[in-house]
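Novice:
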Amino acid sequence: MQLGQELEIIGENISLQGDGIARPQGITCFVPGLLPGEKARVKITQVKKNYLRAQVIERKSAAPERVEPRCSSFGLCGGCQFQMLDYASQLALKRQAVVDALQRLAHLHDVDVQPVQGMDHPWRYRNRVQLHFQASQQGWRLGHYQAGSRQVVENDDCPLLPIPLTEVITELRGQLAKHDPECRWPLTHAVIKSVRTNARTGNEAAAGEKKADAGIELMLIIVVSKATADLRERWAAIADAMIERNPLLTSVVLNLNPHSNGEVLGRRYLNTWGKKRLVEHTAARLQLEVGAASFQQVNPTQADVLLQVIGAACALTGSETVIDAYCGVGAISLYLAQRAKAVVGIEEVAPAVDDARRNALINACTNATFHVAAVEEMLPNYIKEGKACDVLVLDPPRRGCDPRVIDAIAEAEIQRIVYVSCDPASMARDVGRLVVAGYRVGSVQPVDMFPQTGHVETVVLMSRVEK
1 MQLGQELEII GENISLQGDG IARPQGITCF VPGLLPGEKA RVKITQVKKN
51 YLRAQVIERK SAAPERVEPR CSSFGLCGGC QFQMLDYASQ LALKRQAVVD
101 ALQRLAHLHD VDVQPVQGMD HPWRYRNRVQ LHFQASQQGW RLGHYQAGSR
151 QVVENDDCPL LPIPLTEVIT ELRGQLAKHD PECRWPLTHA VIKSVRTNAR
201 TGNEAAAGEK KADAGIELML IIVVSKATAD LRERWAAIAD AMIERNPLLT
251 SVVLNLNPHS NGEVLGRRYL NTWGKKRLVE HTAARLQLEV GAASFQQVNP
301 TQADVLLQVI GAACALTGSE TVIDAYCGVG AISLYLAQRA KAVVGIEEVA
351 PAVDDARRNA LINACTNATF HVAAVEEMLP NYIKEGKACD VLVLDPPRRG
401 CDPRVIDAIA EAEIQRIVYV SCDPASMARD VGRLVVAGYR VGSVQPVDMF
451 PQTGHVETVV LMSRVEK
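Numbering (full-length UniProt numbering), first residue to last: 1 to 467.
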(Lines of atoms letter the chains of each structure in order from A and count residues from 1; the text may use other names and numbers.)
(Lines give C-alpha, C1' and ligand atoms only; values in the text may rest on other atoms or scores of the structure.)
Protein backbone atom coordinates (compact mmCIF):
# COMPACT_ATOMS: atom_id res chain seq x y z
CA MET A 1 0.00 0.00 0.00
CA GLN A 2 1.19 3.50 -0.85
CA LEU A 3 1.01 6.99 0.60
CA GLY A 4 -2.07 8.77 -0.70
CA GLN A 5 -3.83 5.56 -1.73
CA GLU A 6 -7.58 5.44 -1.09
CA LEU A 7 -9.41 2.32 0.11
CA GLU A 8 -12.53 1.19 1.92
CA ILE A 9 -12.17 -0.27 5.41
CA ILE A 10 -14.31 -1.44 8.33
CA GLY A 11 -13.38 -0.45 11.89
CA GLU A 12 -12.69 -3.44 14.15
CA ASN A 13 -11.59 -1.77 17.38
CA ILE A 14 -10.59 1.59 18.86
CA SER A 15 -7.61 2.61 20.98
CA LEU A 16 -7.58 4.86 24.04
CA GLN A 17 -5.94 7.47 21.83
CA GLY A 18 -9.16 7.69 19.80
CA ASP A 19 -7.76 5.88 16.75
CA GLY A 20 -10.02 3.41 15.06
CA ILE A 21 -8.28 0.16 14.14
CA ALA A 22 -8.87 -1.62 10.84
CA ARG A 23 -6.89 -4.36 9.10
CA PRO A 24 -7.06 -4.01 5.30
CA GLN A 25 -5.26 -6.97 3.73
CA GLY A 26 -4.14 -7.96 7.23
CA ILE A 27 -2.20 -4.73 7.83
CA THR A 28 -3.03 -2.72 10.95
CA CYS A 29 -4.38 0.70 10.01
CA PHE A 30 -5.05 3.49 12.53
CA VAL A 31 -7.80 5.96 11.60
CA PRO A 32 -8.64 8.86 13.97
CA GLY A 33 -12.29 8.89 14.99
CA LEU A 34 -13.36 5.67 13.25
CA LEU A 35 -15.62 3.54 15.46
CA PRO A 36 -15.91 -0.26 15.47
CA GLY A 37 -18.32 -1.50 12.82
CA GLU A 38 -18.17 1.68 10.76
CA LYS A 39 -17.41 1.44 7.06
CA ALA A 40 -15.43 4.32 5.59
CA ARG A 41 -13.40 5.40 2.59
CA VAL A 42 -9.99 6.55 3.81
CA LYS A 43 -6.78 8.00 2.44
CA ILE A 44 -3.41 6.66 3.64
CA THR A 45 -1.38 9.44 5.29
CA GLN A 46 1.51 7.43 6.68
CA VAL A 47 3.15 4.13 5.76
CA LYS A 48 5.30 2.35 8.34
CA LYS A 49 6.89 -1.08 8.40
CA ASN A 50 4.18 -2.67 10.57
CA TYR A 51 1.21 -0.32 10.29
CA LEU A 52 -0.55 2.44 8.35
CA ARG A 53 -2.25 5.67 9.33
CA ALA A 54 -5.18 7.06 7.37
CA GLN A 55 -7.82 9.79 7.41
CA VAL A 56 -11.53 9.37 6.73
CA ILE A 57 -12.61 10.84 3.41
CA GLU A 58 -16.17 9.55 3.52
CA ARG A 59 -18.00 7.66 6.27
CA LYS A 60 -20.20 5.07 4.57
CA SER A 61 -21.98 3.99 7.75
CA ALA A 62 -22.21 5.23 11.34
CA ALA A 63 -22.04 3.07 14.46
CA PRO A 64 -25.06 3.32 16.81
CA GLU A 65 -22.69 4.58 19.53
CA ARG A 66 -21.69 7.62 17.47
CA VAL A 67 -22.95 10.98 18.76
CA GLU A 68 -22.50 14.56 17.61
CA PRO A 69 -19.48 16.17 19.33
CA ARG A 70 -20.32 19.20 21.44
CA CYS A 71 -17.15 21.05 20.49
CA SER A 72 -16.73 22.72 17.11
CA SER A 73 -12.95 22.13 17.36
CA PHE A 74 -13.21 18.40 18.09
CA GLY A 75 -10.89 16.42 15.84
CA LEU A 76 -8.67 19.45 15.34
CA CYS A 77 -7.88 20.33 18.96
CA GLY A 78 -5.78 17.71 20.74
CA GLY A 79 -7.57 18.01 24.09
CA CYS A 80 -10.24 15.29 23.64
CA GLN A 81 -10.46 11.93 21.89
CA PHE A 82 -14.00 10.63 22.44
CA GLN A 83 -16.65 13.32 22.08
CA MET A 84 -18.00 11.36 19.10
CA LEU A 85 -18.65 8.28 21.31
CA ASP A 86 -21.63 8.07 23.68
CA TYR A 87 -20.64 8.13 27.34
CA ALA A 88 -21.75 4.60 28.24
CA SER A 89 -19.53 3.30 25.44
CA GLN A 90 -16.62 5.41 26.67
CA LEU A 91 -16.90 3.77 30.09
CA ALA A 92 -17.12 0.29 28.54
CA LEU A 93 -14.04 1.02 26.41
CA LYS A 94 -12.03 2.13 29.44
CA ARG A 95 -13.05 -0.92 31.46
CA GLN A 96 -11.98 -3.17 28.58
CA ALA A 97 -8.63 -1.35 28.39
CA VAL A 98 -8.01 -2.26 32.05
CA VAL A 99 -9.09 -5.88 31.44
CA ASP A 100 -6.86 -6.16 28.37
CA ALA A 101 -3.83 -4.72 30.19
CA LEU A 102 -4.21 -7.16 33.08
CA GLN A 103 -4.54 -10.10 30.71
CA ARG A 104 -1.74 -9.08 28.35
CA LEU A 105 0.86 -7.74 30.82
CA ALA A 106 0.01 -9.39 34.15
CA HIS A 107 -1.31 -12.66 32.66
CA LEU A 108 -4.40 -12.40 34.88
CA HIS A 109 -7.45 -13.76 33.08
CA ASP A 110 -9.88 -14.32 35.93
CA VAL A 111 -9.84 -10.90 37.64
CA ASP A 112 -13.25 -9.28 38.10
CA VAL A 113 -12.86 -5.70 36.88
CA GLN A 114 -15.82 -3.64 38.09
CA PRO A 115 -17.73 -1.24 35.81
CA VAL A 116 -16.06 2.15 35.60
CA GLN A 117 -17.44 4.71 38.04
CA GLY A 118 -18.44 7.54 35.74
CA MET A 119 -20.11 10.92 36.08
CA ASP A 120 -23.78 11.85 35.95
CA HIS A 121 -22.83 14.85 33.83
CA PRO A 122 -19.47 14.31 32.08
CA TRP A 123 -19.01 17.91 30.92
CA ARG A 124 -17.70 21.19 32.39
CA TYR A 125 -15.73 19.24 34.97
CA ARG A 126 -12.16 20.54 34.65
CA ASN A 127 -10.80 22.75 37.44
CA ARG A 128 -7.55 23.43 35.61
CA VAL A 129 -6.54 24.25 32.07
CA GLN A 130 -3.11 24.82 30.53
CA LEU A 131 -3.01 26.82 27.30
CA HIS A 132 -0.28 27.80 24.85
CA PHE A 133 0.41 31.26 23.46
CA GLN A 134 1.28 31.60 19.78
CA ALA A 135 2.00 34.85 17.95
CA SER A 136 0.19 35.46 14.66
CA GLN A 137 -0.45 38.35 12.27
CA GLN A 138 -3.88 38.73 13.86
CA GLY A 139 -2.46 38.92 17.39
CA TRP A 140 -1.96 36.37 20.13
CA ARG A 141 -3.55 32.94 19.73
CA LEU A 142 -4.34 31.16 22.99
CA GLY A 143 -5.44 27.54 23.10
CA HIS A 144 -4.47 23.87 22.93
CA TYR A 145 -2.10 22.40 20.39
CA GLN A 146 -3.67 20.79 17.35
CA ALA A 147 -3.43 17.01 17.55
CA GLY A 148 0.00 15.94 16.31
CA SER A 149 1.34 19.46 15.77
CA ARG A 150 2.51 22.68 17.45
CA GLN A 151 -0.21 24.77 15.87
CA VAL A 152 -2.45 26.42 18.47
CA VAL A 153 -6.20 25.88 18.08
CA GLU A 154 -8.41 28.50 19.71
CA ASN A 155 -11.76 27.53 21.18
CA ASP A 156 -14.30 30.08 22.38
CA ASP A 157 -16.14 27.59 24.60
CA CYS A 158 -14.49 24.30 25.49
CA PRO A 159 -17.30 22.04 26.79
CA LEU A 160 -14.97 20.50 29.39
CA LEU A 161 -14.36 23.86 31.09
CA PRO A 162 -16.72 25.47 33.60
CA ILE A 163 -18.10 28.72 32.23
CA PRO A 164 -16.14 30.97 34.66
CA LEU A 165 -12.85 29.57 33.31
CA THR A 166 -14.01 30.21 29.75
CA GLU A 167 -14.87 33.79 30.69
CA VAL A 168 -11.35 34.38 32.05
CA ILE A 169 -9.86 33.07 28.78
CA THR A 170 -12.09 35.41 26.76
CA GLU A 171 -11.16 38.36 28.95
CA LEU A 172 -7.45 37.53 28.72
CA ARG A 173 -7.62 37.47 24.91
CA GLY A 174 -9.31 40.86 24.95
CA GLN A 175 -6.72 42.36 27.27
CA LEU A 176 -3.85 41.10 25.12
CA ALA A 177 -5.46 42.47 21.95
CA LYS A 178 -5.59 45.85 23.70
CA HIS A 179 -2.17 45.92 25.39
CA ASP A 180 0.04 43.82 23.06
CA PRO A 181 -1.55 43.66 19.58
CA GLU A 182 1.84 43.15 17.89
CA CYS A 183 2.76 40.14 20.09
CA ARG A 184 5.98 41.62 21.45
CA TRP A 185 5.77 40.13 24.94
CA PRO A 186 7.62 36.87 25.73
CA LEU A 187 4.47 34.86 26.54
CA THR A 188 4.56 31.04 26.55
CA HIS A 189 1.64 29.65 28.60
CA ALA A 190 -1.46 30.58 30.54
CA VAL A 191 -2.69 28.31 33.32
CA ILE A 192 -6.06 28.75 35.01
CA LYS A 193 -6.93 26.94 38.24
CA SER A 194 -10.16 26.85 40.21
CA VAL A 195 -10.99 25.69 43.74
CA ARG A 196 -14.30 24.97 45.43
CA THR A 197 -15.07 27.40 48.24
CA ASN A 198 -17.50 25.02 49.93
CA ALA A 199 -17.86 21.28 50.29
CA ARG A 200 -20.71 20.64 47.86
CA THR A 201 -20.49 17.63 45.61
CA GLY A 202 -21.44 17.15 41.98
CA ASN A 203 -20.68 19.21 38.90
CA GLU A 204 -22.64 22.17 40.26
CA ALA A 205 -19.84 22.68 42.77
CA ALA A 206 -17.51 23.49 39.89
CA ALA A 207 -19.88 26.12 38.50
CA GLY A 208 -20.19 23.95 35.45
CA GLU A 209 -23.31 24.98 33.61
CA LYS A 210 -24.32 27.86 35.89
CA LYS A 211 -22.64 31.13 35.05
CA ALA A 212 -23.87 32.87 38.21
CA ASP A 213 -22.59 30.19 40.58
CA ALA A 214 -20.07 31.80 42.97
CA GLY A 215 -18.93 28.53 44.55
CA ILE A 216 -15.40 28.73 43.15
CA GLU A 217 -12.33 30.96 43.13
CA LEU A 218 -9.94 31.27 40.19
CA MET A 219 -6.19 31.76 39.78
CA LEU A 220 -4.58 32.86 36.50
CA ILE A 221 -0.89 32.13 35.95
CA ILE A 222 0.93 33.79 33.06
CA VAL A 223 4.26 32.24 32.07
CA VAL A 224 6.93 34.31 30.29
CA SER A 225 10.30 33.25 28.90
CA LYS A 226 12.20 36.35 30.00
CA ALA A 227 11.78 39.23 32.45
CA THR A 228 11.80 42.58 30.64
CA ALA A 229 12.17 45.85 32.52
CA ASP A 230 8.54 46.98 32.21
CA LEU A 231 6.85 43.57 32.36
CA ARG A 232 5.52 43.87 35.91
CA GLU A 233 4.12 47.33 35.27
CA ARG A 234 2.38 46.25 32.06
CA TRP A 235 0.88 43.16 33.67
CA ALA A 236 -0.22 45.11 36.76
CA ALA A 237 -2.71 47.00 34.60
CA ILE A 238 -4.03 43.78 33.05
CA ALA A 239 -4.22 41.95 36.38
CA ASP A 240 -6.10 44.77 38.08
CA ALA A 241 -8.56 45.04 35.19
CA MET A 242 -9.19 41.30 35.05
CA ILE A 243 -9.72 40.93 38.80
CA GLU A 244 -12.13 43.88 38.72
CA ARG A 245 -14.10 42.50 35.77
CA ASN A 246 -14.14 38.85 36.98
CA PRO A 247 -15.36 38.60 40.62
CA LEU A 248 -14.34 34.92 40.86
CA LEU A 249 -10.77 35.68 39.77
CA THR A 250 -8.89 36.40 43.01
CA SER A 251 -5.28 35.72 42.00
CA VAL A 252 -3.06 36.60 39.02
CA VAL A 253 0.51 35.27 39.05
CA LEU A 254 3.41 36.14 36.74
CA ASN A 255 5.87 33.26 36.38
CA LEU A 256 9.27 33.17 34.68
CA ASN A 257 10.46 30.05 32.87
CA PRO A 258 13.40 30.71 30.52
CA HIS A 259 13.93 26.99 29.82
CA SER A 260 12.43 24.82 27.07
CA ASN A 261 12.60 21.63 29.09
CA GLY A 262 9.01 20.47 28.90
CA GLU A 263 8.11 22.05 32.23
CA VAL A 264 5.44 24.75 32.03
CA LEU A 265 6.21 26.67 35.23
CA GLY A 266 9.61 28.00 36.21
CA ARG A 267 10.94 28.35 39.73
CA ARG A 268 10.83 32.15 39.84
CA TYR A 269 7.69 34.20 40.39
CA LEU A 270 7.89 37.81 39.26
CA ASN A 271 4.72 39.07 40.92
CA THR A 272 1.36 38.12 42.36
CA TRP A 273 -1.75 40.27 42.33
CA GLY A 274 -4.40 39.22 44.83
CA LYS A 275 -4.12 35.98 46.79
CA LYS A 276 -0.94 33.87 46.68
CA ARG A 277 -2.76 30.66 47.56
CA LEU A 278 -6.35 29.45 47.28
CA VAL A 279 -8.07 26.77 49.38
CA GLU A 280 -9.98 23.83 47.90
CA HIS A 281 -12.88 22.48 50.01
CA THR A 282 -13.56 18.81 49.30
CA ALA A 283 -16.62 16.66 49.93
CA ALA A 284 -14.44 14.67 52.38
CA ARG A 285 -14.30 17.75 54.64
CA LEU A 286 -10.72 18.47 53.77
CA GLN A 287 -9.22 21.83 52.97
CA LEU A 288 -6.29 21.74 50.55
CA GLU A 289 -4.13 24.73 49.74
CA VAL A 290 -3.54 25.40 46.05
CA GLY A 291 -0.66 27.59 44.90
CA ALA A 292 0.60 28.25 41.40
CA ALA A 293 2.82 25.14 41.43
CA SER A 294 0.57 22.87 43.54
CA PHE A 295 -0.69 19.61 42.06
CA GLN A 296 -4.46 19.36 41.62
CA GLN A 297 -6.63 16.51 40.47
CA VAL A 298 -8.23 17.96 37.36
CA ASN A 299 -11.74 16.67 38.17
CA PRO A 300 -12.83 17.60 41.72
CA THR A 301 -16.08 15.64 41.58
CA GLN A 302 -14.33 12.41 40.61
CA ALA A 303 -11.42 13.15 42.96
CA ASP A 304 -13.96 12.84 45.78
CA VAL A 305 -15.16 9.53 44.30
CA LEU A 306 -11.57 8.30 44.00
CA LEU A 307 -10.91 9.02 47.69
CA GLN A 308 -14.04 7.07 48.62
CA VAL A 309 -12.92 4.08 46.53
CA ILE A 310 -9.44 4.17 48.09
CA GLY A 311 -10.92 4.45 51.57
CA ALA A 312 -13.21 1.47 50.99
CA ALA A 313 -10.30 -0.62 49.72
CA CYS A 314 -8.18 0.27 52.76
CA ALA A 315 -11.01 -0.84 55.10
CA LEU A 316 -9.49 0.97 58.08
CA THR A 317 -10.74 0.39 61.62
CA GLY A 318 -8.70 3.03 63.44
CA SER A 319 -5.85 0.79 64.59
CA GLU A 320 -3.76 0.70 61.40
CA THR A 321 -0.58 2.43 60.34
CA VAL A 322 -0.76 3.39 56.66
CA ILE A 323 2.11 4.26 54.34
CA ASP A 324 1.06 6.55 51.51
CA ALA A 325 3.80 6.15 48.91
CA TYR A 326 4.04 8.93 46.30
CA CYS A 327 1.77 11.04 48.53
CA GLY A 328 2.01 14.32 46.62
CA VAL A 329 0.26 17.18 48.43
CA GLY A 330 -1.25 14.75 50.95
CA ALA A 331 -4.89 14.49 49.89
CA ILE A 332 -5.04 10.69 50.23
CA SER A 333 -2.97 10.75 53.44
CA LEU A 334 -5.21 13.30 55.14
CA TYR A 335 -8.36 11.50 54.04
CA LEU A 336 -7.10 8.18 55.44
CA ALA A 337 -5.80 9.83 58.62
CA GLN A 338 -9.43 10.43 59.59
CA ARG A 339 -9.78 6.63 59.91
CA ALA A 340 -6.25 5.36 60.71
CA LYS A 341 -4.02 5.33 63.75
CA ALA A 342 -1.19 6.93 61.79
CA VAL A 343 -0.29 7.77 58.20
CA VAL A 344 3.24 8.13 56.83
CA GLY A 345 3.49 10.01 53.53
CA ILE A 346 6.52 9.64 51.24
CA GLU A 347 7.16 12.00 48.31
CA GLU A 348 10.38 13.00 46.55
CA VAL A 349 9.13 16.40 45.33
CA ALA A 350 9.99 18.78 48.17
CA PRO A 351 7.45 21.55 47.31
CA ALA A 352 4.67 18.94 47.29
CA VAL A 353 5.71 17.80 50.79
CA ASP A 354 5.66 21.44 51.91
CA ASP A 355 2.08 21.61 50.63
CA ALA A 356 1.21 18.36 52.41
CA ARG A 357 2.55 19.64 55.71
CA ARG A 358 0.64 22.91 55.34
CA ASN A 359 -2.50 20.95 54.52
CA ALA A 360 -2.04 18.86 57.66
CA LEU A 361 -1.88 22.06 59.74
CA ILE A 362 -4.94 23.54 58.03
CA ASN A 363 -6.93 20.38 58.75
CA ALA A 364 -5.59 20.04 62.33
CA CYS A 365 -4.30 16.58 61.44
CA THR A 366 -1.76 15.36 64.00
CA ASN A 367 -1.46 11.68 63.00
CA ALA A 368 0.01 12.17 59.51
CA THR A 369 3.71 12.83 58.87
CA PHE A 370 5.34 13.61 55.55
CA HIS A 371 8.87 12.85 54.37
CA VAL A 372 10.88 14.16 51.42
CA ALA A 373 12.41 11.02 49.94
CA ALA A 374 12.31 8.74 46.92
CA VAL A 375 9.94 5.86 47.68
CA GLU A 376 12.46 3.32 46.33
CA GLU A 377 14.99 4.58 48.88
CA MET A 378 12.90 5.28 51.99
CA LEU A 379 10.47 2.34 51.85
CA PRO A 380 13.12 -0.43 51.99
CA ASN A 381 14.88 1.31 54.90
CA TYR A 382 11.59 1.87 56.72
CA ILE A 383 10.78 -1.81 56.42
CA LYS A 384 14.26 -2.97 57.45
CA GLU A 385 13.94 -0.91 60.60
CA GLY A 386 10.89 -2.98 61.53
CA LYS A 387 8.43 -0.09 61.56
CA ALA A 388 4.73 -0.86 61.29
CA CYS A 389 2.86 -0.88 58.00
CA ASP A 390 -0.59 -2.46 57.98
CA VAL A 391 -1.78 -0.93 54.72
CA LEU A 392 0.35 0.39 51.85
CA VAL A 393 -1.12 2.84 49.36
CA LEU A 394 0.84 3.06 46.11
CA ASP A 395 0.00 5.99 43.83
CA PRO A 396 3.04 6.12 41.54
CA PRO A 397 3.62 8.40 38.54
CA ARG A 398 2.54 7.21 35.10
CA ARG A 399 5.68 5.08 34.64
CA GLY A 400 4.78 2.93 37.67
CA CYS A 401 6.88 1.70 40.59
CA ASP A 402 10.63 1.29 40.72
CA PRO A 403 11.49 -2.47 40.95
CA ARG A 404 13.12 -1.78 44.33
CA VAL A 405 9.70 -0.82 45.69
CA ILE A 406 8.22 -4.16 44.63
CA ASP A 407 11.20 -6.00 46.17
CA ALA A 408 10.79 -4.14 49.47
CA ILE A 409 7.07 -4.96 49.59
CA ALA A 410 7.75 -8.64 48.98
CA GLU A 411 10.34 -8.73 51.76
CA ALA A 412 8.09 -6.97 54.27
CA GLU A 413 5.06 -9.14 53.54
CA ILE A 414 2.68 -6.19 53.97
CA GLN A 415 -0.81 -7.63 54.24
CA ARG A 416 -2.86 -5.09 52.28
CA ILE A 417 -1.87 -3.00 49.26
CA VAL A 418 -4.06 -0.42 47.53
CA TYR A 419 -2.56 0.45 44.15
CA VAL A 420 -3.80 3.64 42.47
CA SER A 421 -2.84 4.15 38.83
CA CYS A 422 -3.45 6.58 35.98
CA ASP A 423 -2.03 4.20 33.36
CA PRO A 424 -3.42 0.69 32.71
CA ALA A 425 -0.16 -0.60 31.22
CA SER A 426 2.17 0.36 34.10
CA MET A 427 -0.50 -0.73 36.59
CA ALA A 428 -0.73 -4.17 35.00
CA ARG A 429 3.05 -4.59 34.94
CA ASP A 430 3.35 -3.73 38.64
CA VAL A 431 0.35 -5.85 39.62
CA GLY A 432 1.91 -8.78 37.75
CA ARG A 433 5.15 -8.33 39.69
CA LEU A 434 3.27 -8.21 42.98
CA VAL A 435 1.41 -11.41 42.09
CA VAL A 436 4.75 -13.14 41.49
CA ALA A 437 5.92 -11.72 44.84
CA GLY A 438 3.10 -13.43 46.68
CA TYR A 439 0.00 -11.25 46.39
CA ARG A 440 -3.43 -11.81 44.91
CA VAL A 441 -5.84 -9.32 43.38
CA GLY A 442 -8.97 -8.75 45.45
CA SER A 443 -10.79 -6.05 43.49
CA VAL A 444 -10.24 -3.72 40.55
CA GLN A 445 -12.26 -0.49 40.40
CA PRO A 446 -11.71 1.93 37.50
CA VAL A 447 -12.78 5.57 37.95
CA ASP A 448 -13.40 7.95 35.05
CA MET A 449 -11.43 11.05 36.00
CA PHE A 450 -11.32 12.45 32.46
CA PRO A 451 -14.56 12.00 30.47
CA GLN A 452 -14.27 12.53 26.71
CA THR A 453 -10.59 11.51 26.82
CA GLY A 454 -8.73 8.19 26.82
CA HIS A 455 -7.47 8.45 30.40
CA VAL A 456 -8.71 6.17 33.19
CA GLU A 457 -7.78 5.86 36.85
CA THR A 458 -7.74 2.41 38.48
CA VAL A 459 -7.74 1.31 42.13
CA VAL A 460 -6.52 -2.25 42.73
CA LEU A 461 -6.82 -3.97 46.11
CA MET A 462 -4.21 -6.69 46.72
CA SER A 463 -3.64 -8.89 49.73
CA ARG A 464 -0.85 -11.20 50.83
CA VAL A 465 -1.40 -14.87 50.00
CA GLU A 466 -1.27 -16.97 53.14
CA LYS A 467 1.63 -19.41 53.08
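Beta carbons are placed, not taken as given, at the ideal position from N, Cα and C, and that holds for glycine.
Could you round the C-beta distance between P258 and S225 to whole angstroms and report it? I think they count as a contact, below 8 angstroms.
Specialist: 6 angstroms
Novice: Please classify T282: is it buried, with 16 or more other beta-carbons within 10 angstroms of its beta-carbon, or exposed?
Specialist: buried
Novice: Give me the Cα-Cα distance between V391 and A360, rounded to the nearest whole angstrom.
Specialist: 20 angstroms
Novice: Is it the case that the CB of N367 approaches a heavy atom of the ligand NAD more closely than 6 angstroms?
Specialist: Annotation note on the ligand NAD: not contained in the displayed structure, which lists no ligands.
Novice: Threshold first: 3 residues or longer. Then list the beta strand (DSSP E) segments lying entirely within the stretch 75-160, N to C.
Specialist: 128-136 and 139-145
Novice: Is it buried or exposed, T301, if we count other Cβ atoms within 10 angstroms and call 16 or more buried?
Specialist: buried
Novice: To the nearest whole angstrom, what separates the beta carbons of I243 and V252, a pair I think is in contact under 8 angstroms?
Specialist: Going by Cβ atoms, the distance from I243 to V252 rounds to 6 angstroms, so yes, they are a contact pair.
Novice: Return yes when the Cβ of P159 is within less than 7 angstroms of the Cβ of R70, no when it is not.
Specialist: yes
Novice: Which residues mark the beginning and the end of the alpha helix (DSSP H) in which H179 is found?
Specialist: I163 to H179
Novice: Taking buried to mean at least 16 other C-beta atoms within 10 Å of its own C-beta, is G148 buried or exposed?
Specialist: Its Cβ having fewer than 16 others within 10 Å, G148 is exposed.
Novice: Alpha carbon to alpha carbon, what distance is there between A410 and V436?
Specialist: 9 angstroms
Novice: With a 10 Å radius around its C-beta and 16 neighbouring C-beta atoms as the bar for buried, classify M1 as buried or exposed.
Specialist: exposed
Novice: Mind checking which residues open and close the alpha helix (DSSP H) that includes Y335?
Specialist: A331 to A337 is the extent of the alpha helix (DSSP H) around Y335.
Novice: For N13, which beta-bridge partners are listed by DSSP?
Specialist: I21
Novice: I need the DSSP call for L461, collapsed to helix, strand or coil.
Specialist: strand
Novice: Just reading off the beta strand (DSSP E) that N271 is part of, what are its end residues?
Specialist: R268 to G274
Novice: What three-state label does DSSP hand residue 539 in the structure shown?
Specialist: Nothing in the structure corresponds to residue 539, since the chain is present only between 1 and 467.
Novice: Between E347 and D407, what straight-line distance do the alpha-carbon atoms span, to the nearest angstrom?
Specialist: 19 angstroms
Novice: According to DSSP, Q287 sits in a beta bridge with which residue or residues?
Specialist: H281
Novice: In its own chain, which residues sit with a C-beta less than 7 angstroms from the C-beta of E65, not counting the 5 before and 5 after it?
Specialist: L35, L85, D86 and S89
Novice: Are the CB atoms of V447 and Y419 within a distance shorter than 7 angstroms?
Specialist: no
Novice: Going by the CB atoms, is the gap between V329 and L278 shorter than 7 angstroms?
Specialist: no
Novice: Out of L307, L334, V56 and I163, point me to the one whose CA is closest to E289's CA.
Specialist: L334
Novice: Could you pull out every residue in the same chain whose Cβ sits closer than 6 angstroms to the Cβ of W235, ignoring the five residues on either side in sequence?
Specialist: L254
Novice: Going by beta carbon distance, what residues of the same chain come within less than 6 angstroms of W273, once the five residues before and after it are set aside?
Specialist: A239 and V252
Novice: In chain order, what residues of the same chain lie with their CB nearer than 7 angstroms to the CB of G4, ignoring the 5 residues before and after it?
Specialist: K43 and I44
Novice: Are there 16 or more other CB atoms within 10 angstroms of the CB of R126, so buried, or fewer, so exposed?
Specialist: With 16 or more other Cβ atoms inside 10 Å of its own Cβ, R126 counts as buried.
Novice: Where L122 and A63 are concerned, what is the direct C-alpha to C-alpha distance, given to the nearest angstrom?
Specialist: Here residue 122 is Pro; the residue named in the question, Leu, does not match the sequence. So the alpha carbons of these two residues sit roughly 21 angstroms apart.
Novice: Just list the residues that DSSP pairs I383 with in beta bridges.
Specialist: Note: I383 is not bridge-paired with any residue in the DSSP secondary-structure output.
Novice: Using a Cβ distance threshold of 8 angstroms, determine whether the stretch 11-22 contacts the stretch 441-458, with at least three qualifying pairs required.
Specialist: In the pairwise beta carbon analysis, the stretch 11-22 is classified as touching the stretch 441-458: at least three pairs are separated by under 8 angstroms.
Novice: Any idea what DSSP makes of S225, helix, strand or coil?
Specialist: coil
Novice: Closest by CA to residue 468, which one among L142, A106 and A325?
Specialist: Because the chain is modelled from 1 through 467, residue 468 falls outside the range shown and cannot be assessed.
Novice: For C389 and T317, what's the separation of their Cα atoms in angstroms?
Specialist: 14 angstroms
Novice: Put P64 into one of helix, strand or coil per three-state DSSP.
Specialist: coil
Novice: Hey, G345 and A356: beta-carbon distance below 7 angstroms or not?
Specialist: yes
Novice: Expressed to the nearest angstrom, what Euclidean distance is found between the alpha-carbon atoms of L7 and A54?
Specialist: L7 and A54: Cα-Cα distance of roughly 10 angstroms.
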